[in-house]
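Participant: Using the UniProt record's numbering, read the sequence shown as starting at 1 and increasing by one per residue. By construction, the Cβ of each residue, glycine as well, lies at the ideal position given by its N, Cα and C atoms. Below you will find the structure I want to go over with you.
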Amino acid sequence: MLYYPQQAAWEAQCTAMDAAGFLRVTAFNPYWEVNGVTFVDRDGYRTVLQNRAWGMVCDSSGMAAS
């Protein structure tokens, strides 16, 4: 799990993962699909890039809680 709070940095890292040959897959936990992308490498290891700050509290819909 890697957190990228800035949209541009998150998008750039997702593009870099695509270019490096990682495959986008559906996350095991649907929560990670809300604001993140799950990648798998050729050995089957998964990495989630989350477009949120570490420790951000979200409501049940995955949106930032106020």
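Taking 7 Å as the cut-off, decide whether the C-beta atoms of Val37 and Arg46 are in contact.
Facilitator: Arg46 sits away from Val37, with the two beta carbons spaced by 7 Å or more.
Participant: Near Phe22, which residues of its chain fall below 8 Å by C-beta distance, leaving aside the five closest residues on each side in sequence?
Facilitator: Answer for Phe22: Phe39, Val40, Asp41, Thr47, listed in chain order.
Participant: How many Å lie between Ala8 and Tyr31 at the Cα?
Facilitator: 21 Å
Participant: Drop a sphere of 10 angstroms on the beta-carbon of Gln6, count the other beta-carbons inside from all chains shown, and report buried for 16 or more, exposed for fewer.
Facilitator: By the 10 Å Cβ count, Gln6 comes out exposed.
Participant: To the nearest angstrom, how far is the alpha carbon of Asp18 from that of Asp43?
Facilitator: About 16 Å.
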